[in-house]
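Counting from 2, one number per residue, gives the positions in the sequence shown under this note's numbering. For glycine and all other residues, C-beta sits at the position ideal for the given N, C-alpha and C. Report on the structure given below.
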Amino acid sequence: MDIIKNREGEKLCLAIKGRLDTTTAPQLDEVIKTELDGVNNLVYELGDLDYISSAGLRVLLASQKVMNKQGKMVVTGVKDDIMEVFEITGFADILDIQ
2 MDIIKNREGE
12 KLCLAIKGRL
22 DTTTAPQLDE
32 VIKTELDGVN
42 NLVYELGDLD
52 YISSAGLRVL
62 LASQKVMNKQ
72 GKMVVTGVKD
82 DIMEVFEITG
92 FADILDIQ
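Printed below as a string of structure tokens:
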């Protein structure tokens with residue numbers, strides 16, 4: 002998995018490429034723990050995300066909880082396969098997917 006970070010002031014965009022699973026989720030979790038200070042607009046770009054597991058979903062949920070307190074979070078570029086996972090798990094109702 003690759004994480005491409007782009008921060009502009011209080012906006013942070015995280016482009017996730019590859020697989021977000023048990024092996025790679027801790028890497029994204031570390032980014033969330035260290036990069037969200039002062040961020041009020043978090044954007045996940047998932048156009049190049051090929052797979053997400055429950056561990057990846059947990060990191061997205063943790064991100065959403067943090068951003069509920071300090072701003073907003075948007076998920077963009079979701080492929081059909083990933084969207085199906087979001088719909089089955091109920092994440093489509095939790096996340097702001099555009």
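{"Asked": "Cα-Cα separation between Leu-43 and Gly-78, rounded to whole angstroms", "Found": "14 Å"}
{"Asked": "Spatial distance of Val-32 from Tyr-45 (CA atoms)", "Found": "12 Å"}
{"Asked": "Leu-29 versus Gly-39, Leu-96 and Ile-17, residue with shortest Cα-Cα distance", "Found": "Ile-17"}
{"Asked": "Buried versus exposed call for Ile-89 [16 or more other C-beta atoms within 10 Å across all chains shown]", "Found": "exposed"}
{"Asked": "Element boundaries [beta strand (DSSP E), containing Gly-19]", "Found": "12-21"}
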